[in-house]
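Before any comments, here is the structure.
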Amino acid sequence: MRNQTTDLMQVCSDSQGLLEKLLSCIQQVIILTDLEGKIVFACKAVSKVLGFTPDELLGKNLSVIFTPEDLTYLYSNLLHMAREDKPFEGEIMLIRKNETRFLAFVAFCSHLDLSHEKSVIVISIQDIDKQKQLEKAFKGTHYEDLIKIANGIAHELRNPLMSIGGFANRLFRSRKTTGDQQKYYDYIIDNLKKIEGLVKKVELFARVPKPCFSEASIKELIEKAIQPYQKHIEEQHIDLTTNIDETKLFVDKDLVISALSMLIENALDALPDGGSALIKSEKKDNQYRLYLIDAGSGISPENLPFIFNPFFSTKADRAGIDLPVVKRIMESHGGQIEVSSKPEEGTTFVLQFPLERRRSIRISRL
1 MRNQTTDLMQ VCSDSQGLLE KLLSCIQQVI ILTDLEGKIV FACKAVSKVL
51 GFTPDELLGK NLSVIFTPED LTYLYSNLLH MAREDKPFEG EIMLIRKNET
101 RFLAFVAFCS HLDLSHEKSV IVISIQDIDK QKQLEKAFKG THYEDLIKIA
151 NGIAHELRNP LMSIGGFANR LFRSRKTTGD QQKYYDYIID NLKKIEGLVK
201 KVELFARVPK PCFSEASIKE LIEKAIQPYQ KHIEEQHIDL TTNIDETKLF
251 VDKDLVISAL SMLIENALDA LPDGGSALIK SEKKDNQYRL YLIDAGSGIS
301 PENLPFIFNP FFSTKADRAG IDLPVVKRIM ESHGGQIEVS SKPEEGTTFV
351 LQFPLERRRS IRISRL
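Just so we're aligned, residue 1 is where the sequence shown starts under our numbering, counting upward by one.
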């Protein structure tokens, strides 16, 4: 086998035409450049993937297929790594001749001749745009169907709820009332408010808006999220401690306040007889981590894997929509939520926000 490989390499070395034909048969884009990024060879697949003919690329700089925002750091870093004989593989946004963008899996490697006279950088490019779209569509089909159903139910409930509330109020005001009737009316109105709140949460789950990012103080957002529950916290004798660094992140303020409010409400539900809860933060690697810890009843191990599933709940008076909403909000921010819990000891939720959404290779020189 080794002799056959050696013979093939020798034949390719002796016949430049054969080497070019072999490279042209490869469906992925293969481009060769010198150490400065000047293109010295491009296989025929560049026409299909990049829109250039091989001849159009010859003599041009490889930067022609990189997006403007990646020229300063990412492109320079990839060339630097190649010169240092450090290979690179990863997903990169590239640009075609017609200026449309696409996601590509790109590999950089180099062949360094000691004299540097024949040194080349080898670039392999695979268009994975359609593949990513198919993966997303396949993964999200059932989930999207569930979202549509939830949205339909919320829409159907909203108008009848408003009518019921309005007629109940008219009937109550149109006649003399006794103490029992006042109690019944208050019960109807309180439960209508609960259902209306649930409808709003379902609508938020079904239509989480695209985040409108702006710089915000996380400490201030937490204070705003706690404020509506302050009376409940005092009445239930809950010791809620916050230990938050003064940090500013680019987030959607309203969405993050909604997510924090739902987690705070969840923690308070776990402390019906009082107790302690803690909100703290830390920076780790490229993440800002927000911990919401309660010393409540905890979640059983058999239920823990399902708590982010829509409409899963272990409580008869809960619809199981809060945590899925929080998960969707965090995903819309490029972050994630994690949970750990022990029965009778408490539960910890961790919100992880990216401090910088771009990889370091894109934002600073190596």
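The beta-carbon is built from N, C-alpha and C at its ideal position, and this holds for glycine as well.
Collapsed DSSP secondary structure at Tyr-100 in the structure displayed: In the sequence on display, residue 100 carries Thr and not Tyr. Note: Thr-100 maps to coil in three-state DSSP.
Cβ pair Gly-298, Leu-271 closer than 8 Å: no
Neighbourhood of Ile-248 by C-beta, 8 Å cutoff - its chain only, sequence neighbours within 5 removed: Note that residue 248 is Lys in the sequence shown, not Ile. Counting only Cβ-Cβ distances below 8 Å, and skipping sequence neighbours, we find Glu-215, Ala-216, Ser-217, Ile-218.
Coarse secondary structure for Arg-289, derived from DSSP in three states: strand
Complete alpha helix (DSSP H) runs within the region 52-83 (minimum length 4 residues, chain order): 54-57, 76-83
Inter-stretch contact at 8 Å, needing at least 3 Cβ pairs: the region 267-284 / the region 231-242: yes
Segment contact, 8 Å Cβ cut-off, at least three pairs: the region 223-232 with the region 190-203: no
Whole-angstrom C-beta distance between Leu-192 and Gly-166, which should lie under 8 Å: About 10 Å separates the two Cβ atoms, so there is no contact after all.
Exposure of Lys-194, with buried meaning 16 or more beta-carbon neighbours within 10 Å: exposed
Phe-205 (DSSP reduced to helix, strand or coil): helix
Paired residues, beta bridge with Pro-310 - DSSP: Beta-bridge pairing links Pro-310 to no other residue.
Candidates Asn-77, Ile-188, Arg-365, Glu-338, of which the one nearest Ile-293 by Cα: Glu-338
Beta-carbon spacing of Phe-105, Pro-87 below 8 Å: no
Any 3 or more C-beta pairs closer than 8 Å across the region 329-338 and the region 51-68: no
Bridge-paired residues (DSSP) for Gln-352: Arg-289, Gln-336
Selection from Glu-36, Lys-48, Ala-82 that minimises the alpha carbon distance to Lys-60: Glu-36
Test item: CB-CB of Pro-310 and Pro-301 under 8 Å: no
Neighbour-count burial assignment, Asp-180, 16 or more Cβ in a 10 Å radius: exposed
Beta-carbon spacing of Val-251, Phe-349 below 8 Å: no
Residue closest to Leu-351, alpha-carbon to alpha-carbon, out of Arg-289, Ile-361, Ser-340: Arg-289
Three-state secondary structure (DSSP) of Ile-31: strand
Whole runs of the alpha helix (DSSP H) within the region 190-251, excluding any shorter than 4 residues: 218-226, 230-235
Whole-angstrom C-beta distance between Ile-31 and Ile-39, which should lie under 8 Å: 6 Å
8 Å CB neighbourhood of Met-81 in its chain, flanking five on each side removed: Pro-87, Phe-88, Phe-108, Leu-366
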